[in-house]
Ligand code: ATP
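Written as structure tokens, this is what we have:
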């Protein structure tokens, strides 16, 4: 197991600064998810931990030790890539064994390790197949197994589920949570998908343009976003935000926290409008509500309202968020 620290880390590619003066501690044994929009610097952070791209300035520490001069193979980390990077001409067994052979691990020990790790990730029936004869999810498991045989103290994963369909992604999310529990190793996982971040992480690090916007547990990230960016990145559809009409202050509420009604509900903050669109999602219905130029999304358990109907959105006062002109959330005192 291992903790990871970034101390005043900056990274520039030629003249463009991608990460500037970043400080972050990733706890030993945590499942930390780096999340943020495309190009915000998540992969760059991961590659700095792996030693694949050195930082321009500052230090990266693994278990308290500065690893700047330590080669990638000596850092005790294993990386799982989005495209899995499997050897197509080798069988599953050979793919998993490859790193062990290189490290001169003996045959008996290799066979034992491959057997036990393939059992952990459910690959035993496929050991003699080539990658082309596997499903996306099975290939993903081979990539994980190949990382696991190295017994790393840190797993680095870069969008490992993005090539899978929605159903398999959901299943693999659960498998990764289980695997993390079983191994107890530090996982650092990169994604732009907030659902993956919310469902798997014990700590989410939310980034935008190379800057950490918020570091929090999923629950706190959802309930106590530190700024407008966090409020609108986490949650689907994103938080509704609108001007309050005073001094640049904005207010916001989550689509699932507004109650619709034909008449305003007493004791609530109420916004009126008309229903512009209606989408049936199954157990819930998603309404788009317009008021002049402004539009709001409301997710409701009720599907009885129809398009063009006049409607009220009622929000409990303590479900309201306020943001200052610079986007910081104004905390209630
Ligand atoms: P995505 O979700 O799209 O993978 P990301 O958050 O992982 O994005 P990075 O890959 O870390 O983003 O890239 C951050 C920024 O650094 C981007 O603007 C990218 O264009 C730039 N960048 C990354 N690698 C290089 C490189 N080798 N040379 C020049 N610029 C680079």
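In full-length UniProt numbering, the protein residues as written are 1 to 333.
For glycine and all other residues, C-beta sits at the position ideal for the given N, C-alpha and C.
Are the Cβ atoms of residue i and residue j separated by less than 8 Å?
i	j	result
residue 31	residue 148	no
residue 100	residue 113	yes
residue 206	residue 230	yes
residue 321	residue 198	no
residue 227	residue 209	no
residue 302	residue 285	yes
residue 126	residue 138	yes
residue 314	residue 234	no
residue 340	residue 68	This structure does not reach residue 340, given that the chain is present from 1 up to 333, and the question cannot be answered.
residue 4	residue 49	yes
residue 308	residue 330	no
residue 2	residue 154	yes
residue 188	residue 22	no
residue 319	residue 253	yes
Since residue i sits in a beta bridge, which residues does DSSP pair it with?
i	result
residue 252	241 and 321
residue 24	6
residue 273	311
residue 298	287
residue 34	190 and 205
residue 61	5 and 66
Around the Cβ of residue i, are there at least 16 other Cβ atoms within 10 angstroms (buried) or fewer (exposed)?
i	result
residue 300	buried
residue 39	exposed
residue 118	buried
residue 44	buried
residue 158	buried
residue 42	buried
residue 326	exposed
residue 223	exposed
Under 8 Å by Cβ, that's how I've got residue i and residue j pegged, so tell me the actual separation to the nearest angstrom.
i	j	result
residue 263	residue 316	About 17 Å separates the two Cβ atoms, so there is no contact after all.
residue 190	residue 46	5 Å
residue 77	residue 123	No, residue 77 and residue 123 are not in contact; Cβ-Cβ is about 22 Å, not under 8 Å.
residue 88	residue 20	Actually they are not in contact, since the Cβ atoms of residue 88 and residue 20 sit about 40 Å apart, beyond 8 Å.
residue 261	residue 291	With 8 Å as the limit, residue 261 and residue 291 do not qualify as a contact, their Cβ atoms being about 15 Å apart.
residue 160	residue 145	With a Cβ gap of about 13 Å, residue 160 and residue 145 do not count as contacting.
residue 11	residue 55	5 Å
Write down every uninterrupted run of the alpha helix (DSSP H) in the region 78-166 whose length is 4 residues or greater and which is fully enclosed by it, in chain order.
92-102, 107-120 and 136-148
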